[in-house]
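Taken in order, these protein sequences are the chains called A and B. Throughout the first sequence, residue numbering follows my numbering, covering 49 to 164 in sequence. Throughout the second sequence, residue numbering follows my numbering, covering 49 to 164 in sequence.
Protein chains: 2
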Amino acid sequence: MAANLDSVFSALADPTRRTILAMLLEDDMAVTDVAQPFQMSLTAISKHLGILAEAGLISRERRGRVIWCKLEPDAMRNASVWMQGFGQFEPIDLDAFERFLEDELAEEDTGTETQS
Amino acid sequence: MAANLDSVFSALADPTRRTILAMLLEDDMAVTDVAQPFQMSLTAISKHLGILAEAGLISRERRGRVIWCKLEPDAMRNASVWMQGFGQFEPIDLDAFERFLEDELAEEDTGTETQS
DNA sequence: TGTATATTCAACCATCTGGTTGACGATCCT
DNA sequence: AGGATCGTCAACCAGATGGTTGAATATACA
């Protein structure tokens, strides 16, 4: 889904949002606590969290008054897969990569392990 | 370093630019040839290439009249390393990667944009 | 009930982004 | 030199983005 790559990469393009993700890596956090270390308004942080949630990078769950934000690393998988394909080889090794791809597909045809 | 993540991720956030990168994965290309499959003007593609180059994702070298664009995978690799911190991703799924590439290229070929 | 806390909504603003067109510089080929 | 090709520059435009403030909503608590 290329549209999802759009939203994931543009969500990751903002340093505030990347910092928020790094904070959530340590633990789930309430919106107010997420906002605490930043200089900007709570509304601005709330918007950033909305963008991260829209991209699927986090989820938000209301418990009482508090909305808990939780990292959802699955959303990064597609983007990570897409990116890693570019970093795995030197451009000069393209032919080798093609053979590698074909080998992988051939393995799958023979019923070797299959990831979803 | 963080500023570079800004430029890399925001460069990757545009589907036209991701398609260009996928095209350059196969071979170095002249600007005009990069622009050929797209509907937009050559100027627009030139700007996209400028953004990709600014992010370090490609390099451009003039030979005669022609400017050759070449993929520079190191920049993406750095961003990929950043993403690795956010969870245990599955081992690289090259089959999935190839499907992404095909989706990206198919979008441009058919002109059907899957915008959300 | 009334008040404090947690979060979002609505309106607004400045700046960035992705596109256009037309003119221009650079290079190749007769 | 003259003309075609390659690519960028400059100016412009509509819409997106990231921030603000003030009001509104939802929940908790005394």
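Where is the CB? At the ideal position from N, CA and C, for every residue including glycine. This one's a predicted model, so the numbers in the text were calculated from it and none came from an experiment.
Excluding residues up to 5 positions away in sequence, Arg-66 lie with their Cβ nearer than 7 Å to the Cβ of B/Leu-60 in the same chain. Counting of Cβ neighbours within 10 angstroms places A/Gly-133 among the buried residues, the total reaching 16 or more. Per DSSP, reduced to three states, the secondary structure at A/Ala-59 is helical.
In terms of Cα proximity to B/Met-88, the closest of B/Val-129, B/Ile-115, B/Met-71, B/Thr-64 is B/Thr-64. With 16 or more other Cβ atoms from the protein chains shown falling within 10 Å of its own Cβ, B/Glu-120 counts as buried. Per DSSP, the unbroken beta strand (DSSP E) holding A/Ser-107 starts and ends at 106-111.
For A/Ala-127, at least one C-beta of chain B is nearer than 8 Å to its own C-beta. In this structure, the alpha-carbon of A/Leu-105 lies about 8 Å from that of A/Asp-122. The stretch 68-82 of chain B makes contact with the stretch 108-119 of chain B, as at least three CB pairs between them are under 8 Å. Pairing B/Ser-128 with A/Met-131 gives a Cβ-Cβ distance under 8 Å.
Under a 10 Å Cβ-count criterion, B/Val-114 is classified as exposed, with fewer than 16 other Cβ atoms of the shown protein chains found around its own Cβ. Under the three-state reduction of DSSP, B/Ala-78 is assigned to strand.
Of the candidates A/Leu-69, A/Arg-111, A/Glu-102, A/Arg-110, the residue whose Cα lies closest to the Cα of A/Asp-54 is A/Glu-102. Here B/Ala-83 is buried. Its C-beta has 16 or more other C-beta atoms within 10 Å.
With contacts defined as CB atoms closer than 8 Å, A/Ile-68 and A/Leu-90 fail to qualify as a contacting pair.
DSSP places A/Glu-102 inside the alpha helix (DSSP H), whose first and last residues are 90-102. Beta-bridge pairing by DSSP links A/Val-114 to A/Arg-111. Selection B/Asp-62, B/Asn-52, B/Phe-57 evaluated against B/Lys-95 yields B/Asp-62 as nearest (Cα-Cα). By the Cβ neighbour-count rule, B/Ala-70 is buried, with 16 or more other Cβ atoms within 10 Å of its own.
Distance between B/Leu-72 and B/Leu-97, taken at the CA atoms: about 11 Å. DSSP places B/Gln-132 in the uninterrupted alpha helix (DSSP H) bounded by 121-132. Contact between B/Phe-57 and A/Phe-57 holds: CB atoms are separated by about 5 Å, below the 8 Å threshold. Interface criterion met: the Cβ of B/Asp-54 is under 8 Å from a Cβ in chain A.
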